[in-house]
Structures are given as structure tokens and as C-alpha cells.
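The numbering of the sequence shown is the UniProt record's numbering, which starts it at 1 and goes up by one.
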Amino acid sequence: MNATPPSEARRVGEAALDWVSAHRDRFALGDDALAADGQVNRTWKPLGELAQVCATVSLQIPPSDPLHPCVSDLLDFAWEQTGRGELFLRMQALEPFATYPLEVYAAFASAGFRHPGYEASAALVARTRSWRLTEQYPTRRLGVMEAERRGGITPHGQVPQALSRTWLGGLPEPWTFERAAGYALTHVVFHLTDWGRAVQGVPPDLATYLLHWLPPWLDTCLDARMWDLSCELLAVAVSLPRLTEPAVLQDAWHRVAAAQHTSGAIPEEGVMQDAAHEAGLETAPDPYDFTDCYHSTLMAAYAAALTTARPADTDEDGGRRKAARGPAPTAGHTHERQSGQGVPA
């Protein structure tokens, strides 16, 4: 038996991947990918996010799954956009101490796409004092260390020390949860679990804390129509050593499925369907701007793949666990995507 009836999460994931496949050219690198004034958030970041999601999904579904060829094609497409890794080497020469090329490369490396020349060059830079001393947000530093590991480079720090400086690692008061903290905690879990592949990577105290407080946080984000963060929290919920109560997951997926546009797209936040869609009428194939929905759509595909692949667990006595409830968190701060802040935002 799965964590939630797989049909609903599966349908959301299939529709999301259909949309991604239909819009894959929008993930292509343009002429500005190597420009000094290029917008990283509009070039490398979407491509890296596509690679990371597809790398994870490809390992969550068997080769016999009808979705597998679609995901493999998207991965091949993304790798070709990098010149089969050659552009990473060029980026290394242009911005030797920027971390985002390694973070994007790590997504490909996790799927078996490697460029030995780039790895050798990146390893050389990673041995410098400047690389080790670059000032970063704690969650970002944890992600860079994970990227180093995946890229064949000895991490420049220790995970426990880096984790202790993150918002989640400090086990903060649960009522202080807000948007920025939500994105920080989801990425801490993604880095600790190798994007859902190693659920035991979450320390017991963090796992217990999240098991208790994730349900009310997720509920609040869904109520606020924060679909992007909701999908990331759904991915976290099935990346813990023990699963959230299945009823919580079932309700969340039902709400996401009801909100998903017929095209498969899911905007980051706000009202999902326009009046025509709610009335059952034909709507435009692209009701939302690409930049307003690509990340949340990818996150839906990612969370759906983890959900359908993860079996349900039980208490030691064999019974279903009860999801703990607590005070509802706030969703007050704006989620700011900073240039070069890693994959995904």
C-alpha cells in the first residue's frame, strides 16, 4: 500500500511532466548563458532544476514505466544544452569562484552525466582558501557541500556543523515558520537525503520535529495557495524516515490535483484556474507565464514521483501513525530568488 492512493499523485505528476515536455525548449540555454551580465535565474537555474527533478524521477520509476522514456529524453536534452558538460568548463574559466556551475553540474552527475575535465578544474578551485571562505547562507553552504560530494570533490566542511547553522537545524519555535524558512527547510532535507534517495539522512531529532510540525505548515501553505512551497513540503513529507499520516498526504494531493490546470501547469501561487476553466470551457494552452509556473510544475512532478514510490509505514505496534497538529504557521515573507542561489530556488 502506498503513502497515498497513487492515482491522484500519479495523475498530477504525469500531467506536470507532459507540460514540461511540451515546453522543454523554454529550458534551453540562450546566447546569454555565458554573458557577463547574463541572468542566471533565467538561464542556468531552470536548466539545473529540470536536470535535478528528472534525475530524481528517473531513479524513482522503473525502466518499464511509460514515463521513463520521457524523463530520459528530458535529461538528454538538458545535458546537450551544456555541450555535454563543456559549458561548465567554460563557466569555470569565466567565474572560477561561482558555486552555481558546480551545483547545476551536480544534478547531472547524480544521473551519471560526467565531464572529467570540469571535475578536475572544479576540484582545483575547491582547494583554495577563497572557495572555503566564501560567505553563504547556511542552507546554501550545505547545498554546496552536497554538490561537491556529487561532483567527485572532497566537501570543504562537515555536514553536522553546516546543518546546525540552518533554520531547521536549530529546531526553531514552530510558530516562526514563514515562507523563507519554508524554502530553507525543504532544501535542507533535499540536501540531507540526496533529493529523497536516502531518507535516513535526516537526523532523528529533525525527523521527529518535522513529523510533528510539517502537517500544519503544509495545510497553511495550501490554504494560502502557495503551490510551489506546498509541493516542496509534500516532497519533504515523503523524504523522512517515517511518513506523515496518509490522510494528510491524501488531502494535500487532492487539493493540488484540483488546482492543477488542464495543461498540467501549476503556478507558484495564487488562484489556479481562470473563470473559463472553472466553467469547464476551453482555455489557452499556456494560461501562465513560463517563469511563473515552471518551478512549481517541476516540484509537483518531483513530489509525485517520491510519493508514488514510497511505501507507507506503521507504528511499532503495526497501527497507523496519527499526524500531530499544532499552531498554524504564518506565510508572511516574500520568497526572493537570488542570482546563482543554487538548484532549485
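Just so it is clear, CB atoms sit at the ideal spot from N, CA and C, and this is done for glycine as well. Since the model is a prediction, treat every value here as computed from it, not as a measurement.
What is the rounded straight-line gap between the Cα of residue i and the Cα of residue j?
{"i": "G38", "j": "D32", "result": "5 Å"}
{"i": "A111", "j": "Q260", "result": "28 Å"}
{"i": "A309", "j": "I61", "result": "7 Å"}
{"i": "P216", "j": "L222", "result": "10 Å"}
{"i": "residue 346", "j": "L168", "result": "One cannot answer for residue 346 here, as it falls past the ends of the chain, which runs 1 to 345."}
{"i": "T297", "j": "L214", "result": "21 Å"}
{"i": "G117", "j": "V238", "result": "36 Å"}
{"i": "R141", "j": "R90", "result": "23 Å"}
{"i": "V188", "j": "A123", "result": "24 Å"}
{"i": "R320", "j": "A184", "result": "Only weak support is given to the placement of R320: the predicted model assigns it a pLDDT of 34, under 50, and the value that follows is read from those uncertain coordinates. Cα-Cα distance, rounded: 29 Å."}
May I ask you to report which of helix, strand or coil DSSP gives residue i?
{"i": "P246", "result": "helix"}
{"i": "P311", "result": "strand"}
{"i": "P267", "result": "coil"}
{"i": "G196", "result": "coil"}
{"i": "G319", "result": "Only weak support is given to the placement of G319: the predicted model assigns it a pLDDT of 35, under 50, and the question is left unresolved by the model."}
{"i": "D219", "result": "helix"}
{"i": "E86", "result": "helix"}
{"i": "E119", "result": "helix"}
{"i": "Y183", "result": "helix"}
{"i": "L171", "result": "coil"}
{"i": "E14", "result": "helix"}
{"i": "E8", "result": "helix"}
From what residue to what residue does the alpha helix (DSSP H) around residue i run?
{"i": "E232", "result": "W227 to A237"}
{"i": "V202", "result": "From DSSP, V202 is part of no alpha helix (DSSP H); its letter is neither H nor E."}
{"i": "F177", "result": "Element bounds for F177: n/a, residue is neither H nor E."}
{"i": "D73", "result": "L67 to Q81"}
{"i": "Q52", "result": "W44 to Q60"}
{"i": "F108", "result": "Y100 to A109"}
{"i": "R150", "result": "P138 to R150"}
{"i": "R132", "result": "R129 to L133"}
{"i": "L163", "result": "V159 to S164"}
Report the option in the options whose CA atom is closest to the CA atom of residue i.
{"i": "C54", "options": "T154, E178 and G196", "result": "G196"}
{"i": "R84", "options": "L29, A98, L163 and A305", "result": "L29"}
{"i": "L67", "options": "V20, Y100, G117 and D25", "result": "V20"}
{"i": "P241", "options": "T193, A301 and R225", "result": "T193"}
{"i": "E178", "options": "P203, L229 and P160", "result": "L229"}
{"i": "residue 346", "options": "G264, L306 and P63", "result": "Only positions 1 to 345 of the chain appear in the structure, and residue 346 is not among them; the question remains open."}
{"i": "A300", "options": "L233, S239 and F290", "result": "L233"}
{"i": "A51", "options": "C70, D289 and A35", "result": "C70"}
{"i": "T186", "options": "V40, V12, P311 and A235", "result": "A235"}
Between residue i and chain C, is any beta-carbon pair separated by less than 8 Å?
{"i": "L210", "result": "Chain labels in this structure do not include chain C; a single protein chain is all it has."}
Buried or exposed: where does residue i fall if 16 or more other Cβ atoms within 10 Å of its Cβ makes it buried?
{"i": "W175", "result": "exposed"}
{"i": "D76", "result": "exposed"}
{"i": "F97", "result": "exposed"}
{"i": "R165", "result": "exposed"}
{"i": "A323", "result": "Bear in mind that a pLDDT of 35 at A323, under 50, signals an unreliable position, so the number given afterwards is only what the model happens to contain. Classification for A323: buried."}
{"i": "P160", "result": "exposed"}
{"i": "A198", "result": "exposed"}
{"i": "L94", "result": "exposed"}
{"i": "A279", "result": "Low confidence applies here, because A279 scores a pLDDT of 48, under 50, leaving its location unreliable; read the following figure in that light. The residue in question, A279, is exposed, as its Cβ has fewer than 16 Cβ neighbours within 10 Å."}
{"i": "S58", "result": "buried"}
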